[in-house]
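Everything below concerns the one structure shown next.
Residue numbers (the working numbering): 13 to 264.
Listed below in structure tokens is the structure:
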């Protein structure tokens with residue numbers, strides 16, 4: 013009987029199954045930004061990039077209104093030194109320092125906000141990103157077969173390394189690496205939960221293979237090395253053998 017009040021108190025103070033409307037709005041905006049970000053053609057004016065960064069920060073703040081993000085911030089705060097170093101080195105060009113700070117902190121804040129919803133919400137986010145990567149892989153393979161070195165049917169003399177919706181095939185390879193590892197992670201989770209090989213496990217395994225095929229078609233040598241390092245880190249993490257030294261070697 014003495015444990016009943018503590019259980020009730022724990023239930024009241026724990027994550028509520030019904031998130032407030034601010035959290036849902038913030039999560040919706042963040043997912044929309046994640047899903048739509050890989051598709052714009054070419055570069056966009058600075059005003060649009062800064063507007064997107066402001067939108068992501070605003071959406072993350074909405075999620076954080078009812079969420080404690082301090083544990084996650086403890087992991088990323090040391091990285092605050094990177095924009096500071098850039099400011100000191102590029103003191104004569106403030107716009108570059110602003111770009112460096114936004115490029116670092118906007119994805120980190122969005123990541124913290126998206127992962128704050130628990131394991132079930134994390135699976136939803138990973139599935140959305142992986143599905144977008146699959147669509148990008150299909151689009152890139154079809155476009156490369158129909159009209160290579162173009163984006164949405166448009167090409168210029170100087171656009172010789174584009175792939176998918178990216179102006180540079182190395183950028184596509186980096187995005188594809190993320191998609192491959194996410195799909196493999198989702199496949200591994202399904203294999204861990206299900207007694208037999210389920211349809212979902214096969215679906216995510218096939219998705220990883222499709223994105224990997226598009227990755228190879230981009231012919232990015234640096235992306236191939238990144239994918240190999242990511243696969244090594246993935247295997248070490250899944251086997252429980254990841255150490256600081258091995259993680260540092262994989263990141264190199």
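Beta carbons: idealized from backbone N, C-alpha and C, even for Gly.
Note that the structure is predicted; figures quoted are calculated from it, not measured.
Annotation for residue 194: 138, 141, 142, 145 place their beta carbon closer than 8 Å to its own, counting only its chain and skipping 5 residues before and after.
Taking C-beta atoms as the reference points, residue 152 and residue 219 fail to come closer than 7 Å.
Non-local beta-carbon contacts of residue 182 in its own chain, meaning distances under 7 Å to residues more than five positions away in sequence, involve 232, 234, 235 in chain order. 175 is the residue among 175, 250, 224, 38 whose C-alpha sits nearest the C-alpha of residue 51. In chain order, 227, 235, 238, 239, 242 place their CB closer than 8 Å to the CB of residue 189, counting only its own chain and leaving out the 5 sequence neighbours on each side. The distance from the Cβ of residue 75 to that of residue 35 is about 5 Å, consistent with a contact at the 8 Å cut-off. Assigned with DSSP and collapsed to three states, residue 207 falls in coil, not helix or strand. In the DSSP secondary-structure assignment, residue 163 is bridged to 166.
Of the candidates 221, 48, 132, 48 places its Cα closest to the Cα of residue 68. According to the DSSP assignment, residue 77 belongs to no alpha helix (DSSP H), since it is labelled neither H nor E. The C-alpha of residue 247 is placed about 19 Å away from the C-alpha of residue 209. Put simply, of 214, 221, 66 the residue whose alpha carbon is nearest the alpha carbon of residue 38 is 66. For the pair residue 72 and residue 122, the CB atoms are nearer than the 7 Å cut-off.
For residue 178, the beta-bridge partners assigned by DSSP are 175. Take residue 203, set aside five residues on each side of it, and the residues of its chain with a beta-carbon closer than 6 Å to its own are 213, in chain order. Contact check for residue 192 against residue 217 fails: the beta carbons are separated by 7 Å or more.
In summary, residue 131 is exposed, with fewer than 16 beta-carbon neighbours lying within 10 Å of its beta-carbon over all protein chains present. In the structure shown, the three-state DSSP call for residue 51 is coil. Per DSSP, the continuous alpha helix (DSSP H) segment holding residue 235 begins and ends at 233-251.
Excluding residues up to 5 positions away in sequence, 152, 153, 156, 175 lie with their Cβ nearer than 8 Å to the Cβ of residue 229 in the same chain. If you look at residue 230, you'll find it isn't in any alpha helix (DSSP H); DSSP assigns it neither H nor E.
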